[in-house]
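Engineer: Chains as they are written, first to last, in my numbering: chain A, 1 to 297; chain B, 298 to 485; chain C, 486 to 688; chain D, 689 to 1169.
Cβ atoms here follow ideal geometry from the backbone N, Cα and C, with glycine treated the same way.
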Amino acid sequence: MGSNLIGRAFESFKRIGEGLRTVLMHSFREPITKTYPDTVSQIAPHFRGRLALSVNPDTGEHLCISCRQCERVCPDKCIEITAHKSPETNKLELIDFKIDHGLCMFCGLCTEVCPTTCIINTNDFEMADYTRESLVYDLRRLTLTQEESAFYFEAKDMPKPKPKPPKPAPGAAPAAGAAPAGAKAAPVGAKAAPAEGAKPAAAAADAAKPAESAKPAAAPAEAAKPAAAPLEATKPAEDAKPAEAAAKPQDSSTEPAKTVGDTTAKPEEKPTASPEVKEAEKEKAPEQGADADKKEG
Amino acid sequence: MQDQGFMKSTIGKDFLYGGLVFLTICAFLGFLSNPATRDVIINNYYDIGMFFGIVGLGLFFIGIGARTPGVIAGGAIGSFIVLTAPQDALVRYLSLSALLFGIGMYGMIKSRNAVRVLMSIELMLNAVNINLIAFSRFVDPVQVKGQLFAIFILTVAAAEAAVGLAIVLAVYRNMSTVDMNKFNLLKW
Amino acid sequence: MDQYMILKDYVSSADAETALFYVIAILAISLSVGVISDRNIIRSGFILIGVFGAISGLFLMLQAQFLALAQVMIYAVGITLVVVIALMLTNPRSEREAVITEGDEFSQETGAVQFIQRLQQGTPAFVAVFSFFTIYLAIRSESWTPVTEKVSTDNVKVLGEALTTVYSLPFEFASVLLLAALIGAIMLAKAEKRQPAIESAED
Amino acid sequence: MIPNAPEIGKLLFIICFWICAIFLPVWLVSWAVGVLLPMLLEQGSPSMAMTATAETLRALTPIISVMVFIPINAMFMVLYERRALALFTVRLGPNRVGPDGLLQTAADAVKLLFKEDITPRGADAFMFTLAPIIFFAPSIFGALPLLAAITNNHSLYQITNLPTGIFYILAAASLPVVALVMAGWSSNNKYSLVGGLRAAAQAISYEIPLVLSLVTVCLMAGSLDVVKIAQQQDGGILNWNIAGGGALRGLDKAIQTKLGVETTPLITPQQSSDPTETPVAAPTTFEEVIHQYYPFEFLSYISAGVLIFCSFILLGLYLTGACAEINRIPFDLPEAESELVSGYNTEYSGIKFAIFFLAEFTNLFIVSSIATVMFLGGGDNPIPQWLLNKMPLEPIQKSLGAILSPFINGLHLIDPDTFWAAFWVIFKVYTFVFIAILIRGTLPRFRIDQLMDFGWKRLVPLSLIAFLVVVFARVLVVCHG
């Protein structure tokens, strides 16, 4: 018994020493903590974040066909679609699209059921706000820009929608609505993974390239504008921005590109965009930052 | 549970206590009736008068409805200060020890909770310790024998507390109470 | 060390000592009255620790450092144990009824019988006062001649030597007593296995 | 090379910063109260009252310096613990408030002070308020004898040099149990009550091995006086109590004789009790000295080895018991978060909770400094004297002395002995604290029956055996004391 006791004592000392050594050795490893607001780890492409409505990345026209399948399938009943049948074309036309993100549980059923892959989950998860009402996103805040749509289409590996026959007036309406949401969502998408280098940002820039190529078709007036190529990449978003009123789609298409420099509309359009977002925007996408500087100046 | 022994009956208790009171009064009066002792008392033990005055005052206050603990504490402190203020240090310590001993004894007799009885006994033992250490300080400061005895008393107190607590536990286990008035299995 | 002489002289002067003594004495007396009169047994346990603290202060004033510290060390833990056991044994509701400083209800008798009953309820007080007074008279009737010698600061050494040489036999007896008390306490307090019902009936 | 080097560097920086932040104020305050003010008072108007005031100030210096020290130290130790635990668990730890989280705990302290102080309904309000005070008071007063020991018996701290120092510390260390039971009971909360009861049971069980191990060290040293115990261990690691309580002192002396270093101290003076011990005719050769200190040749060598082994066991026993006394993991049953929602301090908030928190970390510091004084030689330099003499330190010392002499001799701002003693004490104490944190990061919590078994069936017999072995082995070797 005695020797057994002593043996057990030594055994337990050995074990404890082993444990202490292991723990001490852990202090030489690199910490796995991410300092979240500074660095956001890479988010998987199929991450189920905030819902959004994508547009055709090539043409910029809205993909929603008002079929209401998402509204029906939603377990939380957080989607509310307002549409009417256009007397001219005898087709459903989208008037408003509301998603209450306070109710949404991010199950992703609506994205699966959507026939046109219009409603998608974005990578945005920072939706904190001061009121419950501001969690109800309307069509304007939901709709993505062209570049973002392109980015998500590529990231999620979804087939690109076929462009509808060109139809400037209705097509520009959603694009105009997309502007503010895009202004907010783009930085987030760019912010998503700066730790591993600016890969997604680069992807976003890549995704913006087709938009650039498609731009002359959407807004031919801009082709004449003498500007640097990287600056051009972000033009459509900036272009659409001044035309914040969805009720006046004609203005946006007819107004010349000089309104890019118009800063009067900006405060109304980006009420929720925080300075940090702007910072991140400047860091991750210098061309955008330059653009923003230009706007502010 | 109705015990009809002599001590249990009210009449018997009355006789006993009445006799005690009578004897005390007689002894005191006899003490005073002797002129020699009376002189001695009046000359030397002036403090007796003060003491009885304080006790009477305390009884008066209790009579008019003061809270007993407050009266006891006030009376004890007052009588202690009055009695010992003109004395030298040794007598002060000894008087304090006597007073604490008296308080402990009161608690031991009066309390109904066995644990409190144990506490009172500890208090009495400590009072004795003060006594011994005061002697060792003022009478025998070189070979501190009083402190030695105090150490032994500490030992005894520890043993007493341990055994006492064990007994209380055992009693509680059998009777589900620690009320001293209900420990009446052992009769006369 | 001599830079503290002024301070030391002041502290050990008679006035300061007397004042300190009375402060501690009043503390001890009032706390011990609190011990026997507090309605809550657990509170009175904690107050008892205060009494012992005051008494150990007295020991320090009497220059018995070893005993003062032993007092704190033993009683702080010992009385805490008593308190813990009191906690486990007392039912707060029944404890609230058992107030020791209030007497039982008086009978309806009048006159001499009631007076005697009152007296008989005053017996504890009488005994306590009587014992205090007897001791006090005994103290006063003797004329003490205090020795003016200073207590040696190293009296722990004196104690230790006395305990291991002259008083080694009582010391051994004390340890045997402690051992016996330990074993006895364990035997008394050991729960018998056939009584699990009481444990559950406790709460 | 080391992937985590920046984090370790940050931790080291925090330690250095905070140690400066702790000890500079303590040093300045104690200098101002103990040296400067009395000096000014006495020079200003040399009256009796002024002298008395000056003496009072000097006598109050230890308590004032402790009062300055405790809160800042607790703030540092909380941060230290959090950062070090973060290192062990591959995290970052607090890194937001101030540069690299340097001020995190200061902010926490401010927050705690301004929080609402709630007394729960049905609680015994008086006891509820008294409990943190009783918990905190021993950590101020209990540490006082250590001050004299760790400052090399500096004249300002001499007043705390008690003849029964270690006994005083132990008495003070037994008091917090009362406060824990009191807090647990008065909170009117079942979790708190269970925590308090556990605290009582645990403290009583583990006090025995703790006290026995320290008593054994006192037996080796032959004194209860912490200053004496610390001074006995002067002169390098071979004299420390961890090396058998002076069992290797003969070896130390023998090496000195061989090297011809005739006990000429460079920094620290040789112990005062030494001349009475050494015989008149000093031995001259290595073998003679060895024979003098180890008179029974082989038996003595064996018992020296046994003593060294025993002193390691004693250190282990002490650390275990101390861990249990101050309720640290793996003995933190009274405040087990997962079972008792932090036990006895469940109901506490605001400044009362802050006091509990403060006292816990102060207790950790005190326990570590007791270990330092009793086992690791207090403020002693671990490098032996004869080795120091071999090193080319003299020019450095001379230049340092030339620079610092106005501070040393004019303002009495620096006492070099005390400075070095404090340096080594700080180093050793925070090493013990680090070990405590490492243990906290490693070991899981005991179950209550395992705790009791371990305490009563393993530690108590082990401490008794160690005591007996030391008693017998010490006869065969000439140790100090």
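Span of the beta strand (DSSP E) holding A549 of chain C?
Structural biologist: Note, A549 of chain C: premise wrong, no beta strand (DSSP E); not H, not E.
Engineer: Please classify L420 of chain B: does DSSP put it in a helix, a strand, or coil?
Structural biologist: The answer is helix: DSSP assigns L420 of chain B an H, G or I state.
Engineer: Counting pairs of Cβ atoms below 8 Å between the segment 809–826 of chain D and the segment 59–69 of chain A, do you hit three or more?
Structural biologist: Not touching, per the Cβ criterion.
Engineer: Can you pull the DSSP bridge partners for D96 of chain A?
Structural biologist: Bridge pairing for D96 of chain A: A:T82 [DSSP].
Engineer: So, helix, strand or coil for T503 of chain C, using DSSP?
Structural biologist: helix
Engineer: What's the call for P303 of chain A, buried or exposed, on a 16-neighbour Cβ count within 10 Å?
Structural biologist: In the structure as shown, chain A begins at 1 and stops at 297. Residue 303 of chain A is therefore absent and cannot be evaluated.
Engineer: Please name the residue or residues paired with T143 of chain A in a DSSP beta bridge.
Structural biologist: A:L53
Engineer: Closer than 8 Å, Cβ to Cβ, to anything on chain D: give me those residues from the segment 33–52 of chain A, in chain order.
Structural biologist: T33, T35
Engineer: Since I believe E1025 of chain D is in contact with N1033 of chain D (beta carbons under 8 Å), could you give me their beta-carbon distance rounded to a whole number of angstroms?
Structural biologist: Not quite, the Cβ-Cβ distance comes to about 11 Å (not below 8 Å), so this is no contact.
Engineer: Can you confirm whether L566 of chain C, when its beta carbon is compared against all beta carbons of chain D, has any partner nearer than 8 Å?
Structural biologist: yes
Engineer: Between which two residues does the beta strand (DSSP E) harbouring I120 of chain A extend?
Structural biologist: Per DSSP, I120 of chain A belongs to the beta strand (DSSP E) from 119–121.
Engineer: Which chain C residues are close to D1137 of chain D, counting only those with a beta carbon under 9 Å from its beta carbon?
Structural biologist: Under the 9 Å cutoff, chain C gives no residues; its nearest Cβ is about 15 Å from D1137 of chain D.
Engineer: Given this structure, state the Cα-to-Cα distance separating L51 of chain A from P691 of chain D, to the nearest angstrom.
Structural biologist: Roughly 40 Å between the two C-alpha positions.
Engineer: Which chain B residues are close to A610 of chain C, counting only those with a beta carbon under 7 Å from its beta carbon?
Structural biologist: Y403
Engineer: So with CB distances below 8 Å, who are the chain B contacts of G530 of chain C?
Structural biologist: V412, M416
Engineer: How long is the line joining the alpha carbons of W719 of chain D and L1081 of chain D, rounded to whole angstroms?
Structural biologist: Distance between the alpha carbons of W719 of chain D and L1081 of chain D is about 28 Å.
Engineer: Would you call the segment 920–928 of chain D in contact with the segment 859–871 of chain D, where contact means no fewer than 3 C-beta pairs closer than 8 Å?
Structural biologist: no
Engineer: Hey, is S12 of chain A's beta-carbon within less than 8 Å of any beta-carbon in chain D?
Structural biologist: no
Engineer: So, is H62 of chain A buried or exposed, given that buried needs 16 or more other C-beta atoms within 10 angstroms?
Structural biologist: Its Cβ being crowded by 16 or more others within 10 Å, H62 of chain A is buried.
Engineer: With 16 other CB atoms within 10 Å as the buried threshold, where does V798 of chain D fall?
Structural biologist: exposed
Engineer: From the DSSP output, which residues share a beta bridge with V520 of chain C?
Structural biologist: Within the DSSP bridge table, the entry for V520 of chain C names no partner.
Engineer: Distance, Cα to Cα, E502 of chain C vs T741 of chain D?
Structural biologist: 20 Å
Engineer: Checking 8 Å against the spacing of the C-beta atoms, do I1125 of chain D and A772 of chain D come in under that value?
Structural biologist: yes
Engineer: Please tell me whether L422 of chain B has its Cβ less than 8 Å away from any Cβ of chain C.
Structural biologist: no
Engineer: Is there a Cβ of chain A sitting closer than 8 Å to that of P691 of chain D, yes or no?
Structural biologist: yes
Engineer: Under 8 Å Cβ to Cβ from R528 of chain C, same chain only, skipping five residues before and after it: list those, please.
Structural biologist: none
Engineer: Less than 8 Å between the beta carbons of M127 of chain A and L139 of chain A, yes or no?
Structural biologist: no
Engineer: When DSSP labels each residue in this structure, what does V1166 of chain D get in the three-state scheme?
Structural biologist: coil
Engineer: Since P759 of chain D is in the alpha helix (DSSP H), which residue starts that stretch and which ends it?
Structural biologist: 736–776
Engineer: Report buried or exposed for C118 of chain A, applying the criterion of at least 16 other Cβ atoms within 10 angstroms of its Cβ.
Structural biologist: Buried: at least 16 other Cβ atoms inside 10 Å.
Engineer: Since N1051 of chain D sits in a beta bridge, which residues does DSSP pair it with?
Structural biologist: N1051 of chain D is not bridged by DSSP to any residue.
Engineer: Return the CA-CA distance between V436 of chain B and V632 of chain C, expressed in angstroms with no decimal places.
Structural biologist: So the two alpha carbons sit approximately 5 Å from each other.
Engineer: Counting only C-beta atoms, is V1129 of chain D closer than 8 Å to chain A at any point?
Structural biologist: The displayed chain sequence assigns Gly, not Val, to residue 1129 of chain D. True, the Cβ-Cβ gap to chain A drops below 8 Å.
Engineer: Please list, in chain order, the chain B residues whose beta carbon lies closer than 7 Å to that of A510 of chain C.
Structural biologist: F377, L393
Engineer: What does DSSP give as the partner residues of Y137 of chain A in its beta bridges?
Structural biologist: A:I99
Engineer: Is there at least one Cβ from chain A nearer than 8 Å to V778 of chain D's Cβ?
Structural biologist: At a cut-off of 8 Å between beta-carbon atoms, V778 of chain D makes contact with chain A.
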